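Okay, so the sequence shown: first residue is 35 according to this note's numbering, each after it adds one.
Glycine included, every Cβ here is placed at the ideal spot set by N, Cα and C.
Just so you know, these numbers come straight off a predicted model, no measurement behind them.
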Amino acid sequence: MRKSLLIAASAVALLFTSCKKSESGNKSVIKTDSSETVITDNNGKIDSVTQSSSTTEVNGQKTEKTDFVYKATDGTLVKVVFKNDPKESNVAITSNKKTFTLPKTDTKDGEAIYKKDDMTARVKGDSLHLEQGKNVIELKRTKI
35 MRKSLLIAAS AVALLFTSCK KSESGNKSVI KTDSSETVIT DNNGKIDSVT
85 QSSSTTEVNG QKTEKTDFVY KATDGTLVKV VFKNDPKESN VAITSNKKTF
135 TLPKTDTKDG EAIYKKDDMT ARVKGDSLHL EQGKNVIELK RTKI
């Protein structure tokens, strides 16, 4: 009986000392950021469209950059950045680590037209119609 009591006490003591947990945790685990980004429009209301906008002013000249995420009909996501400043307005379309920058050439009937070489982008509302040679790609702004 004394022998089994000694073995049981040794096992319990060994259990408590071997299962000691460190308060610092596992150093190789990456903690996730639980903060949420809320995008608001110019009126302070929450915007349902994924966009990022910035305005800078240098010597009284305002430059505005607005980023949107568009989605193609095949599901591909495309980053589109509109830049407006007093000298020029252009759109930069980024997909598959390639960026195409097209200057604004015309605006008519609520449609902005950007063109460079054989590539043309027509923007109206939340749709972007991209043409390059015989290829036509339809893009829609994504919602949150």
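Just so you know, the alpha carbons of Lys150 and Gln166 end up roughly 10 Å apart.
The C-beta distance from Glu172 to Lys158 rounds to 12 Å, too long to meet the 8 Å contact threshold.
At least 8 Å separates the beta-carbon of Thr100 from that of Thr90. Residue pairing by DSSP puts Thr100 in a beta bridge opposite Ser87, Phe116. A distance of 8 Å or more separates the beta carbons of Thr110 and Ser86. In terms of Cβ geometry, Asn124 and Thr135 form a close pair [threshold 8 Å]. The beta carbons of Lys177 and Ser161 sit no closer together than 8 Å. When the alpha-carbon of Thr154 is set against those of Lys131, Asp143, Lys132, Ile127, the nearest one is in Ile127. One Cα belongs to Asp152, the other to Leu164, and the distance between them is close to 11 Å. Tyr104 and Lys131 have their C-alpha atoms some 15 Å from each other.
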